[in-house]
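Below you'll find the structure, written out as structure tokens, and then a few comments.
Protein chains: 2
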Amino acid sequence: MKARIHVTLKPGVLDPQGKTIAHALGALGFESVEEVRQGKYLELDLKENDPEKARETVDEMCRKLLANTVIENYQVEIEA
Amino acid sequence: MKARIHVTLKPGVLDPQGKTIAHALGALGFESVEEVRQGKYLELDLKENDPEKARETVDEMCRKLLANTVIENYQVEIEA
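Chains as they are written, first to last, in my numbering: chain A, 1 to 80; chain B, 81 to 160.
In structure tokens, the structure reads:
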């Protein structure tokens, strides 16, 4: 079973890395860029056949290790 | 107009960061984890109203700056 996780900064949290990318894109001549926000994307392979249980497990992984819930949101998709 | 970009390592390219995460999850007691692959996720705000043109521009950004196409794949979604 596969899980896809997106970890993104909460709105309002400063994203210097995103700002740097936006600046670099501007310097390359991409003038239409207004804002860039950088997040993380993770693909997990799990030995687990119950989608409900997989979601619960991955949710716990996010809370314990993968996301800093003070400043980040996460979103989990489970795929058979 | 918003663009969402996923940059992922090509299959077969080693992902030491993913391996470290998998190991850390195992150490926390998540024994169902078989593999972790880490990618990047970017959200761009663009001053561009033509979805076709936005896709072309973002594709060029990926080739020029955001992805290393030797070892990485990228996927672009455009959202009005």
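Yeah, the Cβ is synthetic: ideal placement off N, Cα and C, and Gly gets one too.
Residue interval of the beta strand (DSSP E) (run including residue i)
i        : result
B/Asp125 : Val113 to Leu126
B/Ala160 : From DSSP, B/Ala160 is part of no beta strand (DSSP E); its letter is neither H nor E.
Whole-Å CB distance - residue i paired with residue j, under 8 Å assumed
i        : j        : result
B/Arg117 : A/Glu43  : 5 Å
B/Ile158 : B/Ala83  : 5 Å
B/Met81  : B/Leu126 : 5 Å
A/Ala24  : A/Glu35  : That pair is no contact at about 14 Å.
Within-8 Å CB hit, residue i to chain B
i       : result
A/Tyr41 : yes
A/His23 : no
A/Leu14 : no
Alpha-carbon spacing of residue i relative to residue j, whole angstroms
i        : j        : result
B/Gln155 : A/Lys64  : 29 Å
A/Val58  : A/Glu52  : 10 Å
B/Arg135 : A/Phe30  : 13 Å
A/Ile5   : B/Val150 : 24 Å
A/Thr8   : A/Lys40  : 7 Å
B/Ala160 : A/Ser32  : 15 Å
A/Glu48  : B/Gln97  : 23 Å
Residue i: first and last residue of the uninterrupted alpha helix (DSSP H) it sits in
i       : result
A/Val70 : Note, A/Val70: premise wrong, no alpha helix (DSSP H); not H, not E.
B/Val87 : Taken as a continuous stretch (DSSP letters only), B/Val87 belongs to no alpha helix (DSSP H), being part of the beta strand (DSSP E) at Lys82 to Leu89.
A/Arg63 : Segment: none, A/Arg63 is in no alpha helix (DSSP H) and carries neither H nor E.
A/Gly26 : Pro16 to Ala27
is_contact[residue i, chain A] using C-beta, thresh 8 Å
i        : result
B/Gln155 : no
B/Lys99  : no
B/Glu128 : yes
Proximal residues of chain A, C-beta to C-beta of residue i below 7 Å
i        : result
B/Asp125 : Glu34 and Glu35
Partner residues on chain B for residue i, Cβ-Cβ distance less than 7 Å
i       : result
A/Lys10 : Ordered by position in chain B, no residue passes the 7 Å Cβ test against A/Lys10, which lies about 13 Å from the chain.
Short CB-CB distance (under 8 Å) between residue i and chain C
i        : result
B/Thr149 : Looking for chain C here will not work: the only protein chains present are A and B.
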